[in-house]
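The working numbering puts the last residue of the sequence shown at 283; the count rises by one with no breaks.
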Amino acid sequence: PSSQRLHWISPPIHIMVIRKPGASTLSEFRQIIIELLRRNLYVYIEDAEHMHLPFATDENLKSHGENCISFDQENDLDKIDLILCLGGDGTLLHASSIFQDSCPPVLSFSMGSLGFLTPFEFKNHYEVLNEVLAGKLGFIICSSVTTRQSCRICLFAPTVVGGKLIEWEIF
113 PSSQRLHWIS PPIHIMVIRK PGASTLSEFR QIIIELLRRN LYVYIEDAEH MHLPFATDEN
173 LKSHGENCIS FDQENDLDKI DLILCLGGDG TLLHASSIFQ DSCPPVLSFS MGSLGFLTPF
233 EFKNHYEVLN EVLAGKLGFI ICSSVTTRQS CRICLFAPTV VGGKLIEWEI F
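Dropping the structure here:
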């Protein structure tokens with residue numbers, strides 16, 4: 113598993129950032145938002161998070177604020193290339209609940225008490241983020257970077273149902 117690499121078809125440009133609620137993650141949230149905006153990436157945040165970022169007074173946020181977008185769960189699910197979670201296992205589970213059908217890769221930074229599912233520490237976020245965006249980070253599925261995929265298994269099995277020949281059975 114350590115030899116697996118995340119290879120992007122095209123570099124991610126739409127990144128969602130989800131944080132643990134409360135003041136304890138606000139500084140890191142602002143810091144990573146600014147870093148992503150400086151890279152000219154589109155940053156999606158939950159609607160309630162806009163009030164926590166001082167777009168009017170912070171020059172770093174003001175100059176790139178148009179690329180910081182309120183996430184619309186009905187219209188933006190397919191746009192997100194990568195999710196960054198700042199928090200603990202609960203934050204990671206919250207991200208998973210938003211993307212129930214198909215989840216983009218998730219990069220989690222531990223800021224909670226246990227961090228069982230979030231193996232990266234925020235103090236290393238700059239290096240880890242660079243590696244992930246470049247597709248150079250080895251990962252173990254369901255640990256540091258997770259993806260959820262859906263598939264249908266079709267089996268060629270000629271069957272007669274109600275007098276009609278059915279050639280494919282979907283499981």
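Built from N, CA and C at the ideal position, the CB exists for glycine as well.
Notebook entry, point to check: Starting from residue 165 and walking both ways along the beta strand (DSSP E), at which residues does that stretch end?
Noted result: First-last for residue 165: undefined, no H or E at that position.
Note to self: Under 8 Å, with one C-beta from each stretch per pair, do the stretch 173-182 and the stretch 194-212 reach the 3-pair mark?
What the structure shows: Under the 8 Å Cβ criterion, the stretch 173-182 does not count as touching the stretch 194-212, having fewer than three qualifying pairs.
Checklist line | residue 177 in three-state terms, based on DSSP | finding: Here residue 177 sits in helix by DSSP.
Next item on the list: Could you round the C-beta distance between residue 158 and residue 181 to whole angstroms and report it? I think they count as a contact, below 8 Å.
Entry: With 8 Å as the limit, residue 158 and residue 181 do not qualify as a contact, their Cβ atoms being about 11 Å apart.
Notebook entry, point to check: If we ignore side chains and look at the alpha-carbon of each, how far apart do residue 214 and residue 190 end up?
Noted result: Rounded to whole angstroms, residue 214 to residue 190 spans 9 Å at the Cα level.
Next item on the list: State the beta-bridge partners of residue 198 as determined by DSSP.
Entry: As computed with DSSP, residue 198 is found in a beta bridge with 131, 221.
Notebook entry, point to check: When you compare only the Cα positions, how much space is there between residue 166 and residue 242?
Noted result: Their backbone Cα atoms lie some 26 Å apart in a straight line.
Checklist line | Inter-residue spacing [alpha-carbon to alpha-carbon] between residue 188 and residue 143 | finding: The straight-line gap separating the alpha-carbon atoms of residue 188 and residue 143 is approximately 23 Å.
Next item on the list: Pick helix, strand or coil for residue 158, following the three-state DSSP scheme.
Entry: Coil.
Note to self: With distance defined between alpha-carbon atoms, name the residue in 239, 123, 246, 153 nearest to residue 221.
What the structure shows: Of all alpha-carbon atoms in 239, 123, 246, 153, the one lying nearest the alpha-carbon of residue 221 is that of 239.
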